[in-house]
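Working notes, beginning with the structure itself.
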Amino acid sequence: MAGSNIREPLAEIVDNVNPSASVLQDDILTGGREDILSTEFNLSGTCNKAKHKLDKQDGNRKRFTRKGKENHNISLGANGVKRTAESVCKRPSRGKLSGKDSMKQGSFNNIVSNVSSFIPLVQQKQAAAVVTGKRDIKVKALEAAEAAKRMAEKKENERKMKKEVLRIERERLELELQKKKKEEERKKKEAQMAAKKRQREDEEKKEKEKKRKRVNDMKKQQQEHEKILAKKEEIKIQRRATVMDNLIKAAEDDDLIIKDSLQEQSYEISPYRGSDDEDEDEDDLPNNKFIPSWASKHSLSLIVSSQKMDPETIFPPQSFCNIAEVLLPRKLQLQ
Numbered sequence: 001m002a003g004s005n006i007r008e009p010l011a012e013i014v015d016n017v018n019p020s021a022s023v024l025q026d027d028i029l030t031g032g033r034e035d036i037l038s039t040e041f042n043l044s045g046t047c048n049k050a051k052h053k054l055d056k057q058d059g060n061r062k063r064f065t066r067k068g069k070e071n072h073n074i075s076l077g078a079n080g081v082k083r084t085a086e087s088v089c090k091r092p093s094r095g096k097l098s099g100k101d102s103m104k105q106g107s108f109n110n111i112v113s114n115v116s117s118f119i120p121l122v123q124q125k126q127a128a129a130v131v132t133g134k135r136d137i138k139v140k141a142l143e144a145a146e147a148a149k150r151m152a153e154k155k156e157n158e159r160k161m162k163k164e165v166l167r168i169e170r171e172r173l174e175l176e177l178q179k180k181k182k183e184e185e186r187k188k189k190e191a192q193m194a195a196k197k198r199q200r201e202d203e204e205k206k207e208k209e210k211k212r213k214r215v216n217d218m219k220k221q222q223q224e225h226e227k228i229l230a231k232k233e234e235i236k237i238q239r240r241a242t243v244m245d246n247l248i249k250a251a252e253d254d255d256l257i258i259k260d261s262l263q264e265q266s267y268e269i270s271p272y273r274g275s276d277d278e279d280e281d282e283d284d285l286p287n288n289k290f291i292p293s294w295a296s297k298h299s300l301s302l303i304v305s306s307q308k309m310d311p312e313t314i315f316p317p318q319s320f321c322n323i324a325e326v327l328l329p330r331k332l333q334l335q
C-alpha cells in the first residue's frame, strides 16, 4: 500500500488549452489505476514485489505516453475533449488486461475466482471529472465574458464621459464666445451712442453759435440802421429848422415890405373920372384884400415843418416865386 501511494512527478505539458482539466483527469486515472492495483494485490496476497514494481514502471511509462497523447487531443478544441474522454475510457481496460496477465501468472495464489470489474466505478469518476472540467471551462468562459463585458462597459462609460466632458467644454466655449460677442456688441453700441451724442452736442453747439452770431449780426444791422435813421432824422430836423428860419425870415421881410408900402400909399379922394380913367386908377390902387391867419407865412411854415416828408424835395425853393413879390401891388411889381 505504501508503494502504491507513491506518485511520479507530472510530465511537462506544452500548448495545453485547459491544463487544469487535463491534470485533474490524469490524477483521477492514476488514482483509479492505483486503486485497482492495490485491490488486486490485496486479493492475491502472493504477488512478488519486484514484479509489481516492473508492472508499475511499465504502467507509468504507458501513462506518460497516453498523457502526451491526451494533451495533444485536448489542444485540438471541443472535439479534443471527447477524444480525451474516449482515451480515458480505454485506459482502465488496458490496466485490466495487464492486471489479468499478472493474475494469470499468479493464478495459483488467487483465492478469489469471480471478481467483478471496477470499470464502472472508474468511468463514473472519469465522467464526474469531465463534467467538472467542462463546468470549470464554462465558468472561466463566463468569467472572461463578464470581464470583457465589464471592460467594454467601462470603455463605453469612459467614452461617454469623455464625450460629455467635450460637450460641456464646447458649450462653455460657446457661452464664452456668446458672452464675449455680446460684450463687444454692447461696447460697440455704447461707442456709437457716445459718438452720436458728441456729434449731436457739437451740432447743437454749432447751431447755438450760428444763432448767437446771427442775433449779433441782426443787432449790429439794427444798430447801424438805427444810427442811419437817427442821422437822417437829424439831417431832416436840421433842414426843417433851416427852412423854418428861412420862412420866418422871409415872412418878416414881407411884413416889413407890406407895412412900408401901406404907409407910403395915400388915401386921397379922387375926383370924378370917366370909365377909362377908372380902370387905370384901379390898377394903381393897392391890394387891400383880407388875408386869414392860417394863410399867413408863419402858419404855413409851421404846418410844413410838422409834416414828415421834406418839403424841399417836393417844392424846392427855386420852383416857386416869392409870395411877397406876388402880393405887391402892380406898380411895385413892374418896378
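Residues in the sequence shown are numbered consecutively from 1, following the UniProt record's numbering. Cβ coordinates follow ideal geometry from the N, Cα and C atoms, glycine included. Since the structure is predicted, the reported quantities are computational estimates derived from the model, not experimental observations.
Annotated as distal: S305 and R214, with beta-carbon spacing of 7 Å or more. For L327, the uninterrupted alpha helix (DSSP H) segment begins and ends at 323-327.
In the DSSP assignment, I303 falls within the alpha helix (DSSP H) that extends over 297-306. When the five nearest sequence neighbours on each side are left out, no beta carbon in the same chain lies closer than 7 Å to the beta carbon of E153. Shown here, D310 sits in coil according to DSSP, grouped into three states, outside any helix or strand. In this structure, the alpha-carbon of D202 lies about 21 Å from that of K188. The C-alpha of E169 lies about 44 Å from the C-alpha of Q199. Assignment of I137 by DSSP, reduced to helix, strand and coil, places it in the helix class. Within the segment 148-227, no beta strand (DSSP E) run of at least 3 residues lies entirely inside it. Secondary structure of P316 (DSSP, three-state): coil. Across the set Q223, Q192, K249, R212, the C-alpha of K249 shows the shortest separation from the C-alpha of S301.
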